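Chemist: Okay, so the sequence shown: first residue is 21 according to this note's numbering, each after it adds one. In this text, a Cβ means the ideal position worked out from N, Cα and C, and glycines have one as well. Here the structure is a predicted model, which is why all the values come from computation and not from measurement.
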Amino acid sequence: MQWNSIPVTVTRNPRARKVWLKMRSCRGIEVVLPYRVSASEVPSILERHKSWLMERLADLETRGQAPGQNPLPDTVELAFLDRKFCVSYGEGVRPELHVAETQLRVLLPVGETGAGALLLQMWLADLGTCHLVPFCRELAHLHGVTISSVRVRNQAGRWGSCSARGGISLNAKLLFLPRPLARNIVLHELCHVAHRNHGPAFKAALRELDPQADLHEELIRTAWADLPAWTKWRKADLGDKTRR
């Protein structure tokens with residue numbers, strides 16, 4: 021695949037002070053422009069960054085996440101649960117997902133690959149609610165942390181968050197991580213109940229709960245890039261794109 025054949029989405033951000041380029045898994049190039057930069061400059065901007073685009077494209081191709089590649093999996097391996105799910109596909113009038121223990125059957129209208137990815141994301145979120153919510157509540161109880169709520173979503177860019185009122189939000193993608201790494205992330209958010217920033221008090225609290233926090237955080241930093249392509253699709257990707 022050549023970089024100049026990739027779909028390009030152009031957006032504007034009033035807070036942007038410079039041009040931002042992103043190569044999105046399975047979706048294409050995203051260009052974020054400040055208002056002072058004309059959209060007519062996008063082709064020349066891409067040409068200047070051709071080497072970087074080629075490097076990112078090659079990396080995505082090796083992961084099976086390049087634009088145009090089919091992101092739908094034949095298997096889903098969830099390290100947190102130590103379980104492997106087999107996925108089969110068929111044609112259907114509307115997108116449907118049927119679950120029978122470790123067998124997933126996805127029915128899709130012809131050409132609706134993205135809808136299949138979103139179905140799998142919803143299944144992952146439901147599974148995360150079943151397993152990650154009690155996991156978080158158990159850790160909170162064990163360490164005497166009072167939380168107001170726990171919910172599981174498919175966030176686009178973070179593993180979890182903690183609100184000022186002690187509400188914990190966890191990413192369903194935690195199910196892809198081994199338990200020690202998922203535990204570190206949950207403990208990280210629980211520490212934010214008492215420590216809102218990442219200052220010395222927060223770091224000390226986290227290391228008291230997880231003595232291997234430094235090692236776990238190092239592994240977590242690279243884990244996001246290894247997530248399957250289908251986990252990174254968004255509803256917006258099913259709509260029209262602005263192309264060069």
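Going by alpha carbons, who is nearest to HIS266 out of SER181, ALA192, GLN175?
Modeler: Not covered by the structure: residue 266. The range shown for the chain is 21 to 264.
Chemist: Should CYS106 go down as buried or exposed, given a rule of 16 or more other Cβ atoms within 10 Å for buried?
Modeler: Numbered from 1 along the sequence shown, position 86 holds the residue referred to as residue 106. By the 10 Å Cβ count, CYS106 comes out exposed.
Chemist: Which residues mark the beginning and the end of the beta strand (DSSP E) in which GLU111 is found?
Modeler: What you label residue 111 is simply residue 91 of the sequence shown in a count that begins at 1. Segment 103 to 111, the beta strand (DSSP E) holding GLU111.
Chemist: Cα-Cα, which of GLY131, LEU239, GLU75 is closest to PRO198?
Modeler: By one-based count along the sequence shown, residue 198 stands at place 178. Comparing Cα positions, the closest option is LEU239.
Chemist: Can you have a look at LEU162 and say buried or exposed, based on whether 16 or more other CB atoms are within 10 angstroms of its CB?
Modeler: Translated into positions along the sequence shown, residue 162 becomes position 142. Burial call: exposed.
Chemist: Check THR262 in the structure and name its three-state DSSP category.
Modeler: For the purposes of this step, residue 262 is identified with residue 242 of the sequence shown, where counting begins at 1. With a pLDDT of 32 at THR262, under the threshold of 50, the modelled position of that residue is not reliable, and the figure given next carries that caveat. Here THR262 sits in coil by DSSP.
Chemist: For VAL165 and PRO200, what's the separation of their Cα atoms in angstroms?
Modeler: For the purposes of this step, residue 165 is identified with residue 145 of the sequence shown, where counting begins at 1. For the purposes of this step, residue 200 is identified with residue 180 of the sequence shown, where counting begins at 1. The straight-line gap from Cα to Cα measures roughly 19 Å.
Chemist: Helix, strand or coil for ILE65 per DSSP?
Modeler: Translated into the one-based positions of the sequence shown, residue 65 becomes position 45. ILE65 falls in the helix class under three-state DSSP.
Chemist: Tell me the DSSP bridge mates of HIS215?
Modeler: Within the sequence shown, numbered from 1, the residue matching residue 215 stands at position 195. Answer is none; HIS215 lacks a bridge partner.
Chemist: Give the straight-line distance between the Cα atoms of LEU124 and LEU190, rounded to the nearest whole angstrom.
Modeler: Translated into positions along the sequence shown, residue 124 becomes position 104. Translated into positions along the sequence shown, residue 190 becomes position 170. Spanning the two alpha carbons is a distance of roughly 24 Å.
Chemist: Could you tell me which of ALA192, GLY177, ARG185, VAL213 sits nearest to ARG241, measuring between CA atoms?
Modeler: Here residue 241 is taken as the residue at index 221 of the sequence shown, counted from 1. ARG241 has its Cα closest to that of GLY177, out of ALA192, GLY177, ARG185, VAL213.
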